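In terms of my numbering, the sequence shown is residues 18 to 147. We put the beta carbon where it would ideally sit given N, CA and C, even for glycine. Keep in mind the model is a prediction, meaning the values are calculated, not measured. The structure appears right after this line, and notes come after that.
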Amino acid sequence: MWTQLQSGILAAATISGAPSDLQSRTVRIYKASKPATQSSNWPGTRWKMDWDVLTHRGNWENPLMGWISSADHMQGTHLWFKTKEDAIYFAEKQGYEYYVQEPNVRAFRPKQYAANFTHSPGKLKIIRTK
Numbered sequence: 018m019w020t021q022l023q024s025g026i027l028a029a030a031t032i033s034g035a036p037s038d039l040q041s042r043t044v045r046i047y048k049a050s051k052p053a054t055q056s057s058n059w060p061g062t063r064w065k066m067d068w069d070v071l072t073h074r075g076n077w078e079n080p081l082m083g084w085i086s087s088a089d090h091m092q093g094t095h096l097w098f099k100t101k102e103d104a105i106y107f108a109e110k111q112g113y114e115y116y117v118q119e120p121n122v123r124a125f126r127p128k129q130y131a132a133n134f135t136h137s138p139g140k141l142k143i144i145r146t147k
């Protein structure tokens, strides 16, 4: 308790009365990637936080539809933040263990159709189609 007060962050779980299984959750903080259905250069400016799936919670198959059901109420929940620091501060404030998954940077090389016809010194390239 004293170390939490020294760092300036008092975990909200100590006074909130939240269930103990919710207090010991691990969260993942990451930037969401562009959906495959979008063709734009989506910047992905917001950071997302979601909870890891609990292994000890019971999952079962729904006999009517065949869908997988779960007793984990936080599995489908996520939060959005403007910056990574805001997400980390929230996780520390709530007393969650967290890990940050840094985004992969996409290497974008601009291409031009006219580059196929520019002169390049050296041996002539012969492309056989048949």
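Secondary structure at Ile46: strand, using DSSP grouped into helix, strand and coil. Take the alpha-carbon of Tyr47 and the one of Ala53: they are about 18 Å apart. Residue pairing by DSSP places Val117 opposite Ile46 in a beta bridge. By the Cβ criterion, the segment 120 to 140 is not in contact with the segment 89 to 100, since fewer than three pairs of Cβ atoms, one from each stretch, lie closer than 8 Å.
Leaving aside the five residues that flank Asp69 on each side, the residues in its chain whose CB is nearer than 8 Å to its CB run, in chain order, Arg42, Thr43, Val44 and Arg45.
Pairing Lys99 with Arg63 gives a Cβ-Cβ distance under 8 Å. Between Lys51 and Trp97, the CB-CB gap reaches or exceeds 8 Å.
By the 16-neighbour rule on beta-carbons within 10 angstroms, Gly83 is exposed. In this structure, Val117 keeps its C-beta atom at 8 Å or more from the C-beta atom of Lys140. Distance from the CA of His136 to the CA of Thr146, rounded to the nearest whole angstrom, comes to 21 Å.
For Ile143, the secondary structure class from DSSP, reduced to helix, strand or coil, is coil.
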